[in-house]
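> Under this note's numbering, the first residue of the sequence shown carries the number 75, and numbering increases by one thereafter.
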Amino acid sequence: MTKNHGPSIKDDETYQALREDGASKEKAARIANAQANDEMAPSEKGGESDRYEDRTVEELYEQARKIGIDGRSNMTKDELIAALRDH
75 MTKNHGPSIK DDETYQALRE DGASKEKAAR IANAQANDEM APSEKGGESD
125 RYEDRTVEEL YEQARKIGID GRSNMTKDEL IAALRDH
């Protein structure tokens, strides 16, 4: 039986499966809640953002700052890209 993860998680089964696959709590919650929302389509291709590799270090740093990645000031471009993708 699937555990109830509280009112902030809209799709407990998806959340639990993502956590078992190694996703962070935040990422699993974001995906599970998007799956449960009929107005969202998380399995479809996203917007028209530039590839991380095509962005400057400053742009990557700013994105990392916005989402709260710790240690970003000491990261190289490749490390920033990896941290953004893993978030």
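Beta carbons: idealized from backbone N, C-alpha and C, even for Gly.
Output needed for Arg146: all residues of its chain with C-beta closer than 8 Å, excluding positions within five of it in sequence on either side, in chain order.
The count along the sequence shown starts at 1 and reaches residue 146 at position 72. Hits under 8 Å: Tyr135, Ala138, Arg139, Leu154, Ala157.
> Alpha carbons only, please: which of Asp95, Asn107, Asp160, Val131 is nearest the one belonging to Lys84?
What you label residue 84 is simply residue 10 of the sequence shown in a count that begins at 1. Selected option, being the one with the closest Cα: Asn107.
> For a quick check, are the C-beta atoms of Ser82 and Ala103 less than 8 Å apart?
Here residue 82 refers to the residue found at position 8 when the sequence shown is read from its first residue. Here residue 103 refers to the residue found at position 29 when the sequence shown is read from its first residue. A contact, by the Cβ cut-off of 8 Å.
> Can you tell me whether Asp144 is helix, strand or coil according to DSSP?
Indexing the sequence shown from 1 puts residue 144 at position 70. DSSP places Asp144 in coil when its eight states are reduced to three.
> Is Thr88 buried or exposed, if buried means 16 or more other CB atoms sit within 10 Å of its CB?
On the sequence shown, residue 88 is found 14 positions in, with the first residue counted as 1. Classification for Thr88: buried.
> Here's a check: name, in chain order, each residue in its chain whose Cβ is nearer than 8 Å to the Cβ of Lys151, leaving out the five neighbours to either side.
Stepping through the sequence shown from its first residue, residue 151 is reached at position 77. Closer than 8 Å at Cβ, skipping near neighbours: Val131, Leu134.
> Thr88 lies in the alpha helix (DSSP H); which residues open and close that run?
Start at 1 with the first residue of the sequence shown, and residue 88 comes out as number 14. Segment 86-94, the alpha helix (DSSP H) holding Thr88.
> According to DSSP, is Ala97 helix, strand or coil?
Position 23 of the sequence shown, counted from the start, is the residue given in the question as residue 97. It is coil, neither helix nor strand.
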